[in-house]
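Trainee:
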Ligand code: 5GP
């Protein structure tokens, strides 16, 4: 994809339940010149989730058609569902002068880095695996089999964190938001 000066693409990953949604929400509230990309997924909407707001919810057939047509900047399977970011959507956001944040899992993040080396990869890590399991159960949004599958993904994801440009440990949300702000301000200063 074409590089657009002064506007950056940030990719934020972190294990399920690590609180990356909360950290990102805190960041976005303070930085209206940043936008959070909306991904496509084949996962069913959770209570309260809306099409075109949280995700673009696609059928497996629709998703695979876009894969065949090479419409994704990146895509991956995660916990039995497909997730992906449309190239055209990201290009339009950057063209409109927004700094864009993708909140995606590690396979997708590494695909983005390959295609757009100027993208900045930030990993949000839990203070410990035990703490993460505790948070995941506390959400009461997934059944036991899903929790076990997600914990398996977490261990793999932590291995990938070494390949990221920055790591933020989320032991306290406010501290993690400040750290994320510092990292992004440092990257923006390089533009
Ligand atoms: P959830 O089902 O909890 O919303 O998301 C599950 C995982 O999919 C999270 O790690 C989230 O970051 C990741 N994810 C969301 N959108 C995308 C995407 O467009 N591409 C990739 N590769 N992962 C995504």
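Numbering (my numbering), first residue to last: 1249 to 1439. All residues carry an ideal CB built from backbone N, CA and C; glycine is no exception.
Give the single residue among 1339, 1314, 1336 whose Cα lies nearest to the Cα of residue 1330.
Mentor: Closest option to residue 1330, Cα to Cα, is 1314.
Trainee: Give the range of the beta strand (DSSP E) segment to which residue 1325 is assigned.
Mentor: Segment 1320–1326, the beta strand (DSSP E) holding residue 1325.
Trainee: Determine the DSSP secondary structure at residue 1367, reduced to helix, strand or coil.
Mentor: Looking at residue 1367 - three-state DSSP - the assignment turns out to be coil, as it is neither helix nor strand.
Trainee: Ordered along the chain, which non-local residues of its own chain (more than five positions away) have a Cβ less than 7 Å from that of residue 1361?
Mentor: Only 1367, 1369 meet the Cβ criterion.
Trainee: Starting from residue 1267 and walking both ways along the alpha helix (DSSP H), at which residues does that stretch end?
Mentor: Unbroken run through residue 1267: none, as it is neither H nor E.
Trainee: The ligand 5GP and residue 1352: does any heavy atom of the ligand fall closer than 7 Å to the residue's C-beta?
Mentor: Under cutoff, so the answer is yes.
Trainee: Given a threshold of 16 other Cβ atoms within 10 Å of its Cβ, counted over all protein chains shown, does residue 1300 qualify as buried or as exposed?
Mentor: Classification of residue 1300: exposed, given that the 10 Å Cβ count is below 16.
Trainee: Counting only the same chain and skipping the five closest in sequence on each side, list residues whose C-beta sits under 6 Å from that of residue 1303.
Mentor: Taken in chain order, the residues that qualify are 1287, 1289.
Trainee: Taking residue 1440 as the reference, which of 1388, 1412, 1422, 1376 has the closest Cα?
Mentor: Given that the chain is displayed from residue 1249 to residue 1439, the structure contains no residue 1440 and the question cannot be resolved.
Trainee: If you count every other CB in all the chains shown that lies within 10 Å of the CB of residue 1321, and 16 or more means buried, which is it?
Mentor: With 16 or more Cβ atoms within 10 Å of its Cβ, residue 1321 is classed as buried.
Trainee: Please report the Cβ distance between residue 1439 and residue 1256, rounded to the nearest whole angstrom; I am assuming they are in contact, meaning their Cβ atoms lie under 8 Å.
Mentor: The pair is a contact, with the Cβ atoms about 7 Å apart (cut-off 8 Å).
Trainee: Within the continuous alpha helix (DSSP H) that includes residue 1390, where are the two ends?
Mentor: Per DSSP, residue 1390 belongs to no alpha helix (DSSP H) and is neither H nor E.
Trainee: Is residue 1257 helix, strand or coil by DSSP?
Mentor: It is a strand residue.
Trainee: Please go through the same chain and pick out, in chain order, the residues whose beta-carbon is closer than 7 Å to the beta-carbon of residue 1327, but skip the five residues on each side of it.
Mentor: For residue 1327, where only same-chain residues beyond five positions count, the Cβ hits under 7 Å are 1394, 1397, 1398, 1401.
Trainee: Going along the chain, which residues of its own chain have a beta-carbon closer than 7 Å to the beta-carbon of residue 1284, five neighbours each way excluded?
Mentor: For residue 1284, where only same-chain residues beyond five positions count, the Cβ hits under 7 Å are 1272, 1276, 1349, 1351.
Trainee: DSSP three-state call for residue 1355: helix, strand or coil?
Mentor: The answer is helix: DSSP assigns residue 1355 an H, G or I state.
Trainee: Secondary structure at residue 1346, three-state DSSP: helix, strand or coil?
Mentor: Note: residue 1346 maps to coil in three-state DSSP.
Trainee: Using 7 Å as the cut-off, classify the Cβ of residue 1424 as near or not near the heavy atoms of the ligand 5GP, replying yes or no.
Mentor: No - the ligand 5GP has no heavy atom lying nearer than 7 Å to the Cβ of residue 1424.
Trainee: Rounded to the nearest angstrom, what separates residue 1306 and residue 1359 at their Cα positions?
Mentor: Residue 1306 and residue 1359: Cα-Cα distance of roughly 21 Å.
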